[in-house]
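A.B. asks: In this note's numbering, the protein residues as written are 2 to 223. Yeah, the Cβ is synthetic: ideal placement off N, Cα and C, and Gly gets one too. Model, not experiment: these values are computed from the prediction.
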Amino acid sequence: MFRPFTVKKIRRRKVTRGQPKNHDLRIRRCVITGKKYDQDELLKFTLNPKGVAVLDINRKLPGRGMWVFPDRDTLEKAANGNHFSRVARRNVEIPTDFLYTIDRKLVDYLTGILSLGRKSGVVVAGFEKVRLGISENIITVLVQASDGSDRQGRKLIPRGVSCKRYRCLSSTELGEAFGRESVIYVGVKDGPMAHRIAITAQKLERIRRMEGFQTTLPDLAS
Numbered sequence: 002m003f004r005p006f007t008v009k010k011i012r013r014r015k016v017t018r019g020q021p022k023n024h025d026l027r028i029r030r031c032v033i034t035g036k037k038y039d040q041d042e043l044l045k046f047t048l049n050p051k052g053v054a055v056l057d058i059n060r061k062l063p064g065r066g067m068w069v070f071p072d073r074d075t076l077e078k079a080a081n082g083n084h085f086s087r088v089a090r091r092n093v094e095i096p097t098d099f100l101y102t103i104d105r106k107l108v109d110y111l112t113g114i115l116s117l118g119r120k121s122g123v124v125v126a127g128f129e130k131v132r133l134g135i136s137e138n139i140i141t142v143l144v145q146a147s148d149g150s151d152r153q154g155r156k157l158i159p160r161g162v163s164c165k166r167y168r169c170l171s172s173t174e175l176g177e178a179f180g181r182e183s184v185i186y187v188g189v190k191d192g193p194m195a196h197r198i199a200i201t202a203q204k205l206e207r208i209r210r211m212e213g214f215q216t217t218l219p220d221l222a223s
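#1: On the DSSP bridge assignment, give the partners of ASP39 in chain order.
#2: For ASN23, count neighbouring Cβ atoms within 10 angstroms of its own Cβ and tell me buried if that reaches 16, exposed if not.
#3: Thinking C-beta only, is PRO71 closer than 7 Å to ILE208?
#4: What is the DSSP secondary structure of GLU177, reduced to helix, strand or coil?
#5: Excluding five sequence neighbours on each side, which residues of the same chain lie with their C-beta closer than 6 Å to the C-beta of ASP41?
#6: Going by the CB atoms, is the gap between GLY52 and VAL93 shorter than 7 Å?
#7: Would you decide whether GLN153 is buried or exposed? Buried here means 16 or more other CB atoms lie within 10 Å of its CB.
#8: What is the residue span of the alpha helix (DSSP H) that ILE95 lies within?
#9: In whole angstroms, what is the alpha-carbon distance linking TYR110 and LEU43?
#10: Cα separation between TRP68 and THR75?
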């Protein structure tokens, strides 16, 4: 018996205009270097109503974001302002204390998360508590004071144990998160908060590796 020939309709995938070909919406391009990174590795800047570039640390401010990789050369070029102006297609003002403000915002944000983690039991302080948590694979992020012993910090992480170590805060800054004068060792238990702390600590560590970087307010009058 003869069967009529039918043609199947080919469904075409709907493509959103301007969408990245790999559809990975987490990938962003640094406006200074042109290189692509996961957005967690970058700093996002937006413009306030006066046209001043401000750090959008929570990545929630309205307006077009300008993403920058946090290292010395890149941030110094960003401080020039020409790159931001070209991307924003308008004049962009860069504050005199641009780099200092970035540093302080990251410090405040990081110590704030650590403080919340301490209250919820996710973050602990003290050599023995941290050592035990790491040995039991409970703690996956170690934040050690930059003025603490590097040798002792390395001893806390046995071979074969997956634990990231950061030395981006001073003992005084770590102490602020715990209501103490100083803290040397802070451990973060595995989970979403550990990820937030790790990506913030990594950015701050890259910035503070800058030779001669100021962590105190510069004399703006000079």
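C.D. replies: Once the coordinates are examined:
#1: ILE28
#2: The pLDDT assigned to ASN23 is 48, lower than 50, so where the model puts this residue is not dependable, and the model offers no usable value.
#3: yes
#4: helix
#5: ILE200
#6: yes
#7: exposed
#8: No alpha helix (DSSP H) holds ILE95; DSSP gives it neither H nor E.
#9: 15 Å
#10: 11 Å
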